[in-house]
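If you want the working numbering, it's the 1-based position in the sequence shown plus 136. The C-beta atom is built at its ideal place from N, Cα and C for all residues, glycine as well. Values in this document were obtained by computation on a predicted structure and should not be read as measured data.
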Amino acid sequence: MAFTKGKSGNPGGRLPGTRNRATLAVEALLEGEAEALTRKAVELALAGDTTALRLCLERVAPVRKGRPILLDVGDVTTLNDLAGVQARVVIAMMGGEITPDEAADVAAVIDKLGQSWERQSLDERIRALEERAAK
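What follows is the structure, encoded as structure tokens:
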């Protein structure tokens, strides 16, 4: 049976925030055991179990999702400066100072800054035009 586009096949489906039965069952089994399980994981890690060791270390020192990027991009005070900044980011990436993913992240921030400056410039121009038209 084909469904109408934009209509759910189960409009009365699970409510938002409803938790899965399996998740609830696991939580019920583990309730009150967190301390004992943590102690056992630490004991196994100290005994040389590499899986337990990795699990413990991931909790103590989680993998960083990003790092500060220090690039000398010069003065950035106008929209025209942003093209030079983008060029410096590409050069840093090509030179191995930053990764391609980091370069993409920095480029996105630079682009957002440019968009913000463009909106500000347009707003100023519109206000000036409106003031002139009101005279």
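If the five residues before and after P236 are omitted, its C-beta is found closer than 8 Å to the C-beta atoms of M229, all from its own chain and listed in chain order. Residue range 236-270 is occupied by the alpha helix (DSSP H) that includes P236.
When Cβ pairs closer than 8 Å are counted between the two stretches, the segment 242-250 is seen to touch the segment 210-223, the count reaching three or more. D211 sits in coil when the DSSP states are folded into three classes, being neither helix nor strand. Taken atom to atom, the span from the alpha-carbon of G184 to that of P147 is near 52 Å. The beta carbon of K271 sits closer than 6 Å to none of the beta carbons in its chain outside the five residues before and after it. Per DSSP, L165 is one residue of the alpha helix (DSSP H) stretching across 157-166. Taking the Cα positions, G210 is about 22 Å away from S257. In the three-state reduction of the DSSP assignment, L206 falls in the coil class. Across the structure, A177 and N216 are spaced so that their CA atoms are roughly 56 Å apart. Per DSSP, reduced to three states, the secondary structure at G220 is helical.
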